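Asks: Handing you this structure, nothing more for now.
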Amino acid sequence: MDGLNPSVRPVGPGASGAGGANPALVAEIRELKRAKRAVILAHYYQTGDIQMLADHVGDSLALARAAERTDAPVILFCGVHFMAETAKILDPGRKVLLPDRAAGCSLADSAPAAKFRAFIDAHPDHFVVSYINCSAEVKAMSDIICTSSNAVRVVNSIPTDRPIIFAPDRHLGAYVQRITGREMLLWDGTCEVHVNISMDKLKLLMGRHPHAKLVAHPECPEHILLEDDHVGSTSSLLGFVKHDPGKEFIVATEAGILYNMRAEVPGKTLIPAPAFADNECACSECPYMKLNTLEKVRDALLFEEPAITLDEEVRVRAHRALRRMLELG
Ligand code: 13P
Ligand code: SF4
Numbered sequence: 008m009d010g011l012n013p014s015v016r017p018v019g020p021g022a023s024g025a026g027g028a029n030p031a032l033v034a035e036i037r038e039l040k041r042a043k044r045a046v047i048l049a050h051y052y053q054t055g056d057i058q059m060l061a062d063h064v065g066d067s068l069a070l071a072r073a074a075e076r077t078d079a080p081v082i083l084f085c086g087v088h089f090m091a092e093t094a095k096i097l098d099p100g101r102k103v104l105l106p107d108r109a110a111g112c113s114l115a116d117s118a119p120a121a122k123f124r125a126f127i128d129a130h131p132d133h134f135v136v137s138y139i140n141c142s143a144e145v146k147a148m149s150d151i152i153c154t155s156s157n158a159v160r161v162v163n164s165i166p167t168d169r170p171i172i173f174a175p176d177r178h179l180g181a182y183v184q185r186i187t188g189r190e191m192l193l194w195d196g197t198c199e200v201h202v203n204i205s206m207d208k209l210k211l212l213m214g215r216h217p218h219a220k221l222v223a224h225p226e227c228p229e230h231i232l233l234e235d236d237h238v239g240s241t242s243s244l245l246g247f248v249k250h251d252p253g254k255e256f257i258v259a260t261e262a263g264i265l266y267n268m269r270a271e272v273p274g275k276t277l278i279p280a281p282a283f284a285d286n287e288c289a290c291s292e293c294p295y296m297k298l299n300t301l302e303k304v305r306d307a308l309l310f311e312e313p314a315i316t317l318d319e320e321v322r323v324r325a326h327r328a329l330r331r332m333l334e335l336g
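The sequence shown runs contiguously to residue 336 in my numbering.
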């Protein structure tokens with residue numbers, strides 16, 4: 008026994024697939040979506056049955072842009088709370104729904120507003136860069152927001168004589184430091200999904216698949232990123248796997264991405280990076296993302312709740328920090 012879950016398999020986990028969706032429920036959602044003139048936005052970490060119903064599937068940046076562009080009166084955001092909140096910050100005139108109000112994020116939770124306020128007050132000369140995975144209150148205290156696809160560009164846009172605070176993900180922050188050479192004060196938050204990838208099991212897997220390329224999200228700890236053939240946001244990982252001539256890839260991020268990857272590159276072998284604990288999918292899944300289900304999608308459209316609400320002063324300040332990011336292009 009080599010310590011790897013015997014169920015590790017070179018395809019995405021069943022939980023992220025689209026198979027088995029109840030056709031009557033899918034038809035009901037499509038009808039409600041039409042009647043309410045709703046747009047459905049879904050992150051790559053959603054299960055396949057939800058991605059299949061979405062108008063736009065993307066990473067955090069693409070979905071923020073899609074939310075900003077839409078003219079639909081209702082946005083159903085199939086992702087987590089900070090993503091739906093971002094849509095509401097950008098689009099206050101629209102009703103923004105989240106299928107499950109409890110769909111939070113360990114990173115966002117790691118930076119409570121009062122503690123963050125005290126931290127930035129202790130460093131008043133610092134320019135504050137916050138990863139989009141944070142609350143509206145933290146966004147409102149920030150100078151600029153970034154996502155995993157533009158963090159390097161955002162940090163490079165800051166005058167070199169300004170010291171920087173980067174929050175809340177210390178692994179993404181450390182990665183950006185290595186790339187940009189900028190010293191940054193890092194908030195000590197992590198994503199529980201990416202720190203749950205086991206390096207020991209990953210090494211065993213790489214030994215079994217010596218030709219496989221390793222691709223990873225920058226929320227992974229440094230010891231994983233240093234082994235990688237490609238580091239990038241979810242959409243960047245998808246693009247790499249699609250265009251690289253390699254035939255076999257180990258994918259170190261949340262397993263929902265495999266639904267989309269398999270559809271894009273049906274001829275390639277995709278292996279989810281293994282989590283510490285043995286589990287059914289032998290992968291790392293986000294428990295918050297997976298709270299959303301087709302039944303909750305239907306109910307959210309039917310009852311128009313849970314709906315995101317925001318304090319207007321917080322929204323306006325958070326909007327300014329988000330706009331600075333979006334204006335960088
Ligand atoms: P991206 O969507 O920027 O790739 O980030 C992944 C993530 O952790 C979303 O919660
Ligand atoms: Fe938060 Fe990590 Fe889940 Fe993304 S994958 S929502 S960062 S806990």
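Just so it is clear, CB atoms sit at the ideal spot from N, CA and C, and this is done for glycine as well. Just so you know, these numbers come straight off a predicted model, no measurement behind them.
Please name the residue in 149, 112, 116 and 82 whose C-alpha comes closest to that of residue 393.
Replies: The chain is shown from 8 up to 336; residue 393 falls before or after that span and cannot be answered.
Asks: At 4 residues or longer, what runs of the alpha helix (DSSP H) sit wholly inside the segment 283 to 323?
Replies: Fully enclosed alpha helix (DSSP H) runs of 4 or longer: 301 to 310.
Asks: Identify, in the order they occur along the chain, each residue of the same chain with its Cβ nearer than 6 Å to the Cβ of residue 240, setting aside the five sequence neighbours on each side.
Replies: For the purposes of this step, residue 240 is taken as the residue at position 233 of the sequence shown. Closer than 6 Å at Cβ, skipping near neighbours: 66, 155 and 156.
Asks: Beta-carbon within less than 7 Å of residue 198's beta-carbon, same chain only, minus the 5 sequence neighbours each way: which residues are those?
Replies: In the sequence shown, residue 198 corresponds to position 191, counting from 1. Only 113, 114, 176 and 226 meet the Cβ criterion.
Asks: Helix, strand or coil: how does DSSP classify residue 79 here?
Replies: Here residue 79 refers to the residue found at position 72 of the sequence shown. It is coil, neither helix nor strand.
Asks: When you measure from the CB of residue 52 to every non-hydrogen atom of the ligand 13P, does any distance come out below 7 Å?
Replies: Residue mapping note: residue 52 aligns to position 45 of the sequence shown, counting from 1. Residue 52: yes, Cβ under 7 Å from the ligand 13P.
Asks: Any chance you could list the beta strand (DSSP E) runs of at least 3 consecutive residues sitting entirely within the segment 120 to 147, in chain order?
Replies: Complete beta strand (DSSP E) runs here, min 3: 134 to 138.
Asks: Enumerate in chain order the residues of its own chain whose CB-to-CB distance from residue 9 is below 6 Å, with the five nearest sequence positions on each side excluded.
Replies: For the purposes of this step, residue 9 is taken as residue 2 along the sequence shown, with counting starting at 1. At residue 9 the pLDDT is 34, less than 50, meaning the model places this residue with poor confidence; the figure from the coordinates comes in the next sentence. Once the five neighbours on either side are set aside, the close Cβ partners of residue 9 are 211.
Asks: Classify residue 214: buried if its beta carbon has 16 or more other beta carbons within 10 angstroms, exposed otherwise.
Replies: Locating residue 214 in the sequence shown gives position 207, counting from the first residue. Looking at its Cβ environment, which holds fewer than 16 other Cβ atoms inside 10 Å, residue 214 is exposed.
Asks: Could you check how far apart the C-beta atoms of residue 93 and residue 329 are, in whole angstroms? I think they sit under 8 Å.
Replies: As a first step, residue 93 must be located in the sequence shown, where it is residue number 86. As a first step, residue 329 must be located in the sequence shown, where it is residue number 322. Rounded, the Cβ-Cβ distance is 7 Å, consistent with contact.
Asks: To the nearest angstrom, report how far apart residue 263 and residue 46 are at their CA atoms.
Replies: By one-based count along the sequence shown, residue 263 stands at place 256. By one-based count along the sequence shown, residue 46 stands at place 39. Cα to Cα, residue 263 sits roughly 21 Å from residue 46.
Asks: Within 10 angstroms of the Cβ of residue 107, are there 16 or more other Cβ atoms? Answer buried if so, exposed if not.
Replies: Numbered from its first residue, the sequence shown carries residue 107 at position 100. Residue 107 comes out buried.
Asks: Go through the segment 161 to 227 residue by residue and report every complete run of the beta strand (DSSP E) that reaches 3 residues or more, in order.
Replies: Taking only runs of at least 3 residues, the beta strand (DSSP E) segments lying wholly in the segment 161 to 227 are 171 to 174, 191 to 193 and 220 to 223.
Asks: Using 10 angstroms around the beta-carbon of residue 58, count the other beta-carbons present and answer buried if the total reaches 16, otherwise exposed.
Replies: Mapped onto the sequence shown, residue 58 falls at position 51. The residue is buried, with at least 16 neighbouring Cβ atoms inside 10 Å.
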